[in-house]
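K.L.:
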Amino acid sequence: MPLLLTRRRAAAAVLTAALLVPLAACGNDDSGTAKDKGTAGDSGTASGAPQADLTVLAASSLTDVFNEAGAAYEAKNPGTKVTFSFAGSQELAAQVKQGAPADALVTADTKTMDGLSGDTGKPIVIAKNRLVIATGEGNPEKVENLKDLADPKLKVVLAAPEVPVGRYSRQILDAQKIEVKPVSQEPNVRAVLSKVELGEADAGLVYRTDAATATDKVDAIGIPDAENAIASYPAATLKASKHSEAAAAFVAWLSTPEAQKILQGAGFQQP
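Right, dumping it as structure tokens:
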């Protein structure tokens, strides 16, 4: 009897071991698969860009188009969020110098960006723009060209000289030897546009793309290329960014066909 019991126990042990082998094998396969999936998920977004919450400082004239571009980038890169802070380029430069937490910068001129070379990566121009004369809807004062802005009866508003669009404005007026005495000097191009929209000014110099965002409130009077200025928009990562790889991926994306289609759809020119 003891011998028979021993044989039964031995047989049971062999059977149990045989059953456990495939279970263990399945467990190892599942574990390995889960690990592989986790690694792939943590490596970045669907496009290969690292996931991050990015803060991008951008010129005011990019407000509408960058909100659209940011949504497109987030859709392409699940898990990444892009938050924009819009202001005049000179204000953005001051924020960078003061150490404001941000990951990338896009200005409306190369001069401002060049002045921050110690704080940024290598900039790339992503778009260009031109100026127009913005007037009230229907152009009630019958403004036809730059020379008309010299009329002392006309209330003209310009951006401040330290603002890129303000600098461009004075550049083209000086080149034509036109003296304009603005009723106010604004901190960014959107403020200039707002003055005209609200009827607080008869005319103002803004980017073509800004006038295009308010066609129901303002008219845009074209300026001949020979009398105009070309605004360049450089983009760069910020050296203080805590998400340098993700920031670099976003800046690089701005030059892709997808981003360029969005920019040009808003009236910006190819870089």
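The sequence shown: position 215 = 1530 (the working numbering), numbered continuously. Backbone N, C-alpha and C fix where the C-beta goes; we use that ideal spot for every residue, glycine too. Being a predicted model, the structure only gives us computed values, none of them experimental.
Within 10 angstroms of its Cβ, does I1577 collect 16 or more other Cβ (buried), or is it exposed?
P.N.:
Looking at its Cβ environment, which holds 16 or more other Cβ atoms inside 10 Å, I1577 is buried.
K.L.:
Express the C-alpha separation of A1415 and K1289 in angstroms, rounding to a whole number.
P.N.:
Residue 1289 falls outside the range modelled here, since the chain spans only 1316 to 1586, and no answer is possible.
K.L.:
Considering only C-alpha positions, which residue in the set K1437, D1525, A1390 is nearest to A1581?
P.N.:
The residue with the shortest Cα to Cα distance from A1581 is D1525.
K.L.:
Can you tell me which of T1552, A1417, R1523 puts its alpha carbon nearest to the alpha carbon of L1569?
P.N.:
With distances taken between Cα atoms, L1569 lies closest to T1552.
K.L.:
Which of the three DSSP states is assigned to I1545 in this structure?
P.N.:
Strand, per DSSP.
K.L.:
Would you kindly work out how many angstroms separate the C-alpha atoms of Q1405 and T1427, rounded to a whole number?
P.N.:
Approximately 7 angstroms, taken between the alpha carbons.
K.L.:
Express the C-alpha separation of Q1579 and E1515 in angstroms, rounding to a whole number.
P.N.:
If you take the alpha carbons of E1515 and Q1579, they lie about 30 angstroms apart.
K.L.:
Could you say if the segment 1546-1560 and the segment 1429-1436 meet the contact criterion of at least three C-beta pairs nearer than 8 angstroms?
P.N.:
Yes, the segment 1546-1560 touches the segment 1429-1436.
K.L.:
Which residues in the same chain have their Cβ closer than 8 angstroms to the Cβ of E1459, if we skip the five residues on either side of it in sequence?
P.N.:
Only I1536 meet the Cβ criterion.
K.L.:
So, are the CB atoms of L1473 and S1484 less than 9 angstroms apart?
P.N.:
Yes; because the gap between Cβ atoms is below 9 angstroms, this pair is in contact.
K.L.:
Work out the CA separation of V1421 and V1371 for me, nearest whole Å.
P.N.:
Approximately 8 angstroms, taken between the alpha carbons.
K.L.:
Return the CA-CA distance between K1412 and T1435, expressed in angstroms with no decimal places.
P.N.:
So the alpha carbons of these two residues sit roughly 11 angstroms apart.
K.L.:
Kindly indicate the opening and closing residues of the beta strand (DSSP E) around A1423.
P.N.:
First-last for A1423: undefined, no H or E at that position.
K.L.:
Roughly how many angstroms lie between the CA atoms of G1403 and P1586, to the nearest whole one?
P.N.:
Looking at the two C-alpha atoms, the distance is approximately 20 angstroms.
K.L.:
With a floor of 3 residues, list each beta strand (DSSP E) that falls wholly inside the segment 1504-1536, ordered by position along the chain.
P.N.:
If we require 3 residues or more, the beta strand (DSSP E) runs fully inside the segment 1504-1536 come out as 1518-1522.
K.L.:
Give, in chain order, every unbroken run of the beta strand (DSSP E) that is at least 3 residues long and sits entirely within the segment 1421-1503.
P.N.:
1439-1451, 1471-1474, 1499-1501, all fully within the segment 1421-1503.
K.L.:
Please name the residue, chosen from Q1366, P1497, V1380, D1368, that lies closest to T1528 on a Cα-to-Cα basis.
P.N.:
Here the closest residue by C-alpha is V1380.
K.L.:
By Cβ distance below 7 angstroms, which residues in the same chain neighbour A1564 in space, the five residues on each side in sequence not counted?
P.N.:
If we look at A1564 and ignore the five residues flanking it on each side, its Cβ neighbours are A1364, P1365.
K.L.:
In the DSSP assignment, find the alpha helix (DSSP H) that holds D1540 and state where it starts and stops.
P.N.:
No alpha helix (DSSP H) contains D1540, which DSSP labels as neither H nor E.
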